[in-house]
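Only one structure is covered here, and it is reproduced in the block below.
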Amino acid sequence: MKELQHLNKYFLKYKYRIILGIVITIVARIFLLFTPRLVREIFTVVEHWNNNTITDISVFKQALLENILLIIGASIVAGIFTFLMRQTIINVSRYIEFDLKNEVYQKYQQLSLNFYKQNRTGDLMNRITEDVSRVRMYAGPAIMYSINTITLFIIALIYMFNQAPKLTLYTVLPLPILSVAIYKLSKEIHKRSTVVQEYLSKLSSSTQETFSGISIVKAYGIEPQTAADFNSLSEESRQKQLDLVKVRSFFFPMMILLIGISNLMVIYIGGKQYIDGEIESLGTIAEFIIYVNMLTWPVATVGWVTSIVQQAEASQKRINAFLKLTPEIANKTQERHVIEGNISFKNVSFTYDDTNIQALKGVSFTLEKGKTLAIIGKTGSGKSTILDLIGRLYDIEGGELLIDGKPIDHINLTDLRNAIGYVPQDAFLFSDTIKNNIKFGKEDATDEDVITAAKQAQVHKNIVKFNKGYDTVLGERGITLSGGQKQRVSIARAIVKDPVILLLDDSLSAVDTETEEKILKHLNTLSKNKTTIIVSHRVSSAKNADHIIVLDNGNIIQSGNHSSLVKQNGYYKDLYLKQLSE
Numbered sequence: 047m048k049e050l051q052h053l054n055k056y057f058l059k060y061k062y063r064i065i066l067g068i069v070i071t072i073v074a075r076i077f078l079l080f081t082p083r084l085v086r087e088i089f090t091v092v093e094h095w096n097n098n099t100i101t102d103i104s105v106f107k108q109a110l111l112e113n114i115l116l117i118i119g120a121s122i123v124a125g126i127f128t129f130l131m132r133q134t135i136i137n138v139s140r141y142i143e144f145d146l147k148n149e150v151y152q153k154y155q156q157l158s159l160n161f162y163k164q165n166r167t168g169d170l171m172n173r174i175t176e177d178v179s180r181v182r183m184y185a186g187p188a189i190m191y192s193i194n195t196i197t198l199f200i201i202a203l204i205y206m207f208n209q210a211p212k213l214t215l216y217t218v219l220p221l222p223i224l225s226v227a228i229y230k231l232s233k234e235i236h237k238r239s240t241v242v243q244e245y246l247s248k249l250s251s252s253t254q255e256t257f258s259g260i261s262i263v264k265a266y267g268i269e270p271q272t273a274a275d276f277n278s279l280s281e282e283s284r285q286k287q288l289d290l291v292k293v294r295s296f297f298f299p300m301m302i303l304l305i306g307i308s309n310l311m312v313i314y315i316g317g318k319q320y321i322d323g324e325i326e327s328l329g330t331i332a333e334f335i336i337y338v339n340m341l342t343w344p345v346a347t348v349g350w351v352t353s354i355v356q357q358a359e360a361s362q363k364r365i366n367a368f369l370k371l372t373p374e375i376a377n378k379t380q381e382r383h384v385i386e387g388n389i390s391f392k393n394v395s396f397t398y399d400d401t402n403i404q405a406l407k408g409v410s411f412t413l414e415k416g417k418t419l420a421i422i423g424k425t426g427s428g429k430s431t432i433l434d435l436i437g438r439l440y441d442i443e444g445g446e447l448l449i450d451g452k453p454i455d456h457i458n459l460t461d462l463r464n465a466i467g468y469v470p471q472d473a474f475l476f477s478d479t480i481k482n483n484i485k486f487g488k489e490d491a492t493d494e495d496v497i498t499a500a501k502q503a504q505v506h507k508n509i510v511k512f513n514k515g516y517d518t519v520l521g522e523r524g525i526t527l528s529g530g531q532k533q534r535v536s537i538a539r540a541i542v543k544d545p546v547i548l549l550l551d552d553s554l555s556a557v558d559t560e561t562e563e564k565i566l567k568h569l570n571t572l573s574k575n576k577t578t579i580i581v582s583h584r585v586s587s588a589k590n591a592d593h594i595i596v597l598d599n600g601n602i603i604q605s606g607n608h609s610s611l612v613k614q615n616g617y618y619k620d621l622y623l624k625q626l627s628e
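Using the working numbering, the letters of the sequence shown correspond one by one to residues 47 to 628.
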């Protein structure tokens, strides 16, 4: 139960609803327990009629009618309160499920990129869906049935003991055996359920990866191999599900067997007591049989609830494993800061934790606000890492990274990222309209702002050719668009934000040189008052920058402007001559 203590804050939040649910449950059980006593009264009336204690037929009929009407009335009232009980307590579990899902989602957003590199998307999805659903079963049905069982058991035992103490003892004797047996069964169910959950995560991850990379699967013609791998995993999952079902199949037969034993004991022991005169009426036997059937399911739920609790604890443990993680990138100050755009790297070093690759080795440069820096270098030289560090997607390992003269981790993270317009190398678009994808950079942007940004990104003419224009809904990850179109929409998203710092990570690699020139021309105009960093493999994208640095294996090997660098022998001049000849 230790892991489930995390939910206590939600129980406190909804304590008044839960208390109301408990009160309603008690009232519902009290009215439900009127029925066995009224049935006994009917049997007593019939016995009196047979014994000629009652001779007036009208009195006999009236007594029967009164008891029947009372049974109907008590059942209706009990039914109404049972409905209210479920509406109250089950609704609380839905509120808790809603809150917990939001808590997990918020935590996911706070965690660093390293977390997402180490965990598969399918597993993350499974924890926020399947695991949270299992926890909801604990917060709703488990609590409801526990309250119901305790209330019914206490009240029923008091009634039964008052009627026939010895018969009560024999009646409830098989019930603890039922509860222990189901508890043992539940432990095995818990073990197998945990394995089933793990396989569900594997299936979710496999499916998600396959569908996300469906173009690669089709391009390489590996559908049969992919299907075979999925079938193999599905078969393993099916076997684990069957192992679970085999254990669960014992549940109801065991319960029915013990119910039958309890009923036989009531009839046998009760019959002997009636013959011996220890109980006055056959109605007592009928009353006890109803009590047995009423109590059996609540007693059986002790084991079932135990199973739910165990499954919920296993799921909550998986959820807590993420909720307890401390975000690597923490907002260390709430002080607001207006970003001007001065950037300074002083002997900055950085190593990726997941690969242990040192991406930057003592990198130093200064970029004043309103200036443009271009970064050129081979693949894996550390270009994109510089942009990630400026956006504080990672924290530096050594040296100093200053924004407006202050260490970057001393600047409010929200202010920093609000000031940045970032166009990643792999343009990511959401399954939404083109308009909303562009407005993602600025939610309150007008339609005019969106169109202007699209024109400056040289994508407006492409968009208006679509049947629905800017209202065209894109497929997952923007699959509807070509690579160049996705990059340009991503650039428009950054432009519409009107950021202080504009970061372009090789964002023109998928467009032709003519379109590149037009986009750069607009960017040169737009970036006059912005601090801009352009990462590229093309000299054409870098030549107009105020300053250019060339990276190789995490080190700056050349630095200067275009004019000075083409006069120096080295990587930049070689690249320039190669691309010029092409």
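Backbone N, C-alpha and C fix where the C-beta goes; we use that ideal spot for every residue, glycine too. For clarity, every value in this text was computed on a predicted model and none was experimentally measured.
What is the residue span of the alpha helix (DSSP H) that residue i lies within?
i, result
"Phe276", "269-294"
"Leu58", "54-59"
"Ala588", "585-588"
"Lys429", "429-436"
"Asn607", "First-last for Asn607: undefined, no H or E at that position."
"Glu134", "It is worth fixing the name first, because residue 134 is Thr in this sequence and not Glu. Where Thr134 is concerned, the enclosing alpha helix (DSSP H) stretches over 103-156."
"Gly306", "297-321"
"Leu621", "617-627"
"Gly444", "Segment 444-449 is the beta strand (DSSP E) holding Gly444; no alpha helix (DSSP H) there."
"Val85", "80-96"
"Ser555", "That residue, Ser555, is in no alpha helix (DSSP H); it is neither H nor E in DSSP."
"Asn402", "Taken as a continuous stretch (DSSP letters only), Asn402 belongs to no alpha helix (DSSP H), as it is neither H nor E."
"Ala265", "260-265"
"Leu50", "No alpha helix (DSSP H) holds Leu50; DSSP gives it neither H nor E."
"Tyr162", "159-164"
"Ile509", "506-510"
Would you mind stating whether residue i and residue j have Cβ atoms separated by less than 7 Å?
i, j, result
"Arg238", "Leu279", "no"
"Gln504", "Ile457", "no"
"Ile70", "Thr134", "yes"
"Leu670", "Ala202", "Outside the displayed range of the chain (47 to 628) lies residue 670, so it cannot be described from this structure."
"Leu621", "Val585", "yes"
"His109", "Phe77", "The residue you asked about is not His; residue 109 is Ala in the sequence shown. Not a contact, by the Cβ cut-off of 7 Å."
"Ile442", "Phe396", "yes"
"Leu416", "Asn172", "Checking the sequence shown, residue 416 turns out to be Gly, not Leu. No, Cβ-Cβ distance for Gly416 and Asn172 is not below 7 Å."
"Glu267", "Ala405", "The identity of residue 267 in the sequence shown is Gly, whereas the question assumes Glu. The answer is no: Cβ separation not under 7 Å."
"Thr128", "Ala74", "yes"
"Leu34", "Ile305", "The structure shown does not extend to residue 34, since the chain spans only 47 to 628, so no value can be given for it."
"Ser147", "Ile174", "Per the sequence shown, residue 147 should be read as Lys rather than Ser. Contact flag set, yes."
"Val542", "Ala491", "yes"
"Gln471", "Asp552", "yes"
"Ala540", "Gly467", "yes"
"Lys286", "Val241", "yes"
"Met300", "Ala210", "no"
"Glu374", "Ser158", "yes"
"Ser139", "Arg182", "yes"
"Phe391", "Leu447", "yes"
"Ile204", "Ile68", "no"
"Ile389", "Leu413", "yes"
Since residue i sits in a beta bridge, which residues does DSSP pair it with?
i, result
"Tyr468", "Leu549"
"Lys424", "For Lys424, which the question treats as bridged, DSSP gives no partner whatsoever."
"Thr418", "Thr578"
"Leu413", "Ile389"
"Ile595", "Ile421, Ser605"
"Ser395", "Gly444"
"Val535", "Val535 pairs with nothing; no bridge assigned."
"Lys212", "Partner(s): none; Lys212 has no beta bridge."
"Lys452", "Ile449"
"Thr479", "Val519"
How far does the beta strand (DSSP E) with residue i in it extend, from its first residue to its last?
i, result
"Asp493", "From DSSP, Asp493 is part of no beta strand (DSSP E) but of the alpha helix (DSSP H) over 493-502."
"Ala32", "The question about residue 32 has no answer here: the residues shown for the chain are numbered 47 through 628."
Identify, in the order they occur along the chain, each residue of the same chain with its Cβ nearer than 7 Å to the Cβ of residue i, setting aside the five sequence neighbours on each side.
i, result
"Asn508", "Gln531"
"Leu288", "none"
"Asn570", "Asn590"
"Arg86", "Ser327, Gly329, Thr330, Ala332, Glu333"
"Glu93", "Ser327, Leu328"
Leaving out the 5 sequence neighbours to the left and right, which residues in its chain are closer than 8 Å to residue i when beta-carbon positions are compared?
i, result
"Met311", "Tyr216, Thr217, Leu219, Pro220"
"Tyr618", "Ile422, Val585, Ile594, Val596, Gln604, Leu611, Val612"
"Ala188", "Val351, Ile354, Val355, Ala358"
"Val496", "Lys481, Ile484, Lys485, Tyr516, Ala538, Val542"
If I measure Cβ to Cβ from residue i and keep anything under 6 Å in the same chain, skipping five residues before and after, which residues do I get?
i, result
"Ile200", "none"
"Glu386", "Lys415, Asp450"
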